[in-house]
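Under mature numbering (1 follows the signal peptide of the UniProt record, and there is no 0), the letters of the sequence shown match residues -29 to -1, 1 to 176, in that order. Ideal placement from N, C-alpha and C gives every residue a C-beta, glycine not left out. Quick caveat: nothing in here was measured; it's all calculated off a predicted structure. Worksheet: one structure, shown below.
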Amino acid sequence: MARRGAASHLAVICSLLVFIAISTSLCSAATYQSRPAFPAQTGPVQPSIGGNSKQPARRVMHPAFANAGRSPGLEIWRIENFEPVPYPPNNYGKFYTGDSFIILNTRENPKSKELSWDVHFWLGSETSTDEAGAAAILTVQLDDILNGGPVQHREVQDHESQLFLGYFKNGVRYEQGGVGSGFKHVETNAQGEKRESLRFIDEQG
């Protein structure tokens, strides 16, 4: 009788242990399933450009670059008080010797519709070191906004690349002065390897 009672007690204890183990397993599974698989993303983002799904979403940095590089064409910013200011399209090709500029050329592949870019920062012969530095830093920022896609170029007055000169069908003009200052002379450089200069006095000078 004693042996039967011990066996009965042992069976009850085993049953209780199995029940507790099953209950603990079910509770753990429910807790795990209730947790989100990935943390929620925060912060404003914009969709990638040109329908290229390989490009990650981009964050807007300087407001002047908010819509930069979204469609094919040329965009120019003039550095004023160390800030990029959109340059009027009717002045494209005219550069002040005392200023620095950022030029972005956007191209579209006719088949894939993907966009590609070349970004140049142009330095006038009389631009200040601070303005030149601002142009370089802002060019890097523009490159970052476009997910590192642009090819960067440094252009110096009178030594521009043929790629740069090719953007301006009527050639490049240099006007003396800079932001907030008047100019007295205009120097015109024709496009191509041979760049003949024509200097004349402006009527307002």
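Which residue's Cα is closest to the Cα of F53: T100, A105 and D129? Within the sequence shown, the letter at position 82 stands for residue 53. Comparing Cα positions, the closest option is A105.
Cβ neighbour criterion (16 or more within 10 Å) applied to Q147: Residue numbering aside, residue 147 sits at position 176 when the sequence shown is read from its first letter. That one is buried.
At what residues does the beta strand (DSSP E) containing E54 begin and finish? Taking the sequence shown and counting its residues from 1, one reaches residue 54 at position 83. First-last of the beta strand (DSSP E) with E54: E54 to P57.
Does the region 71 to 88 come into contact with the region 104 to 121, if we say contact requires no fewer than three beta-carbon pairs (one atom in each stretch) closer than 8 Å? yes
For T77, tell me which candidate among D129, A39, H130 and M32 has the shortest Cα-Cα distance. Here residue 77 corresponds to residue number 106 of the sequence shown, with the count starting at 1. For T77, the nearest C-alpha among the options comes from A39.
With 16 other Cβ atoms within 10 Å as the buried cut-off, status of E164: As a position in the sequence shown, residue 164 is number 193, starting the count at 1. Since pLDDT at E164 reaches only 39, below the 50 mark, its modelled position is unreliable, and no value is offered.
I73 versus R144, G142 and F36, residue with shortest Cα-Cα distance: Translated into the one-based positions of the sequence shown, residue 73 becomes position 102. Comparing Cα positions, the closest option is F36.
Distance check for E79 and P59, CA to CA, integer angstroms please. The residue you call residue 59 lines up with position 88 of the sequence shown. The residue you call residue 79 lines up with position 108 of the sequence shown. Taking the CA atoms as reference points, P59 sits about 23 Å from E79.
Buried or exposed (CB count within 10 angstroms, at least 16 for buried), S71: On the sequence shown, position 100 is the one that residue 71 refers to. It counts as buried.
Quick one: what does DSSP say D101 is sitting in, helix, strand or coil? Position 130 of the sequence shown, counting from 1, holds the residue named residue 101. Three-state DSSP puts D101 in a helix.
Can you tell me which residues form a DSSP beta bridge with R125? Sequence index remark: in the sequence shown, residue 125 carries index 154 (1-based). Paired residue(s): F92.
Residues near S132 in its chain [Cβ-Cβ closer than 7 Å; skip 5 each side]: Against the sequence shown, residue 132 aligns to sequence position 161. The answer, listed in chain order, is H124 and E126.
Hey, A103 and L94: beta-carbon distance below 7 Å or not? Along the sequence shown, read from residue 1 onward, the residue named residue 103 stands at position 132. Along the sequence shown, read from residue 1 onward, the residue named residue 94 stands at position 123. Taking 7 Å as the Cβ cut-off, A103 and L94 qualify as a contacting pair.
Residue environment, G69, which counts as buried when at least 16 other CB atoms sit within 10 Å: The count along the sequence shown starts at 1 and reaches residue 69 at position 98. The residue is buried, with at least 16 neighbouring Cβ atoms inside 10 Å.
Sequence-distant residues of the same chain with beta carbon closer than 7 Å to N141, five excluded per side: For the purposes of this step, residue 141 is identified with residue 170 of the sequence shown, where counting begins at 1. Correct list, in chain order: G64.
Between D129 and S96, what straight-line distance do the alpha-carbon atoms span, to the nearest angstrom? Start at 1 with the first residue of the sequence shown, and residue 129 comes out as number 158. Start at 1 with the first residue of the sequence shown, and residue 96 comes out as number 125. Approximately 8 Å, taken between the alpha carbons.
Excluding the five sequence neighbours on either side, which residues of its own chain have a C-beta within less than 7 Å of the C-beta of P57, listed in chain order? As a working mapping, residue 57 is identified with position 86 in the sequence shown. Around P57: A35 and W48.
Helix, strand or coil for G69 per DSSP? Start at 1 with the first residue of the sequence shown, and residue 69 comes out as number 98. In the structure shown, G69 sits in coil (DSSP, three-state: anything other than H, G, I, E or B).
With DSSP collapsed to three states, give me the class of N141. Looking up residue 141 in the sequence shown gives position 170. Note: N141 maps to coil in three-state DSSP.
Relative to the C-alpha of F92, which candidate in L113, P81, G44 and V150 has its C-alpha closest? Here residue 92 refers to the residue found at position 121 when the sequence shown is read from its first residue. For the set L113, P81, G44 and V150, the Cα lying nearest the Cα of F92 is the one of L113.
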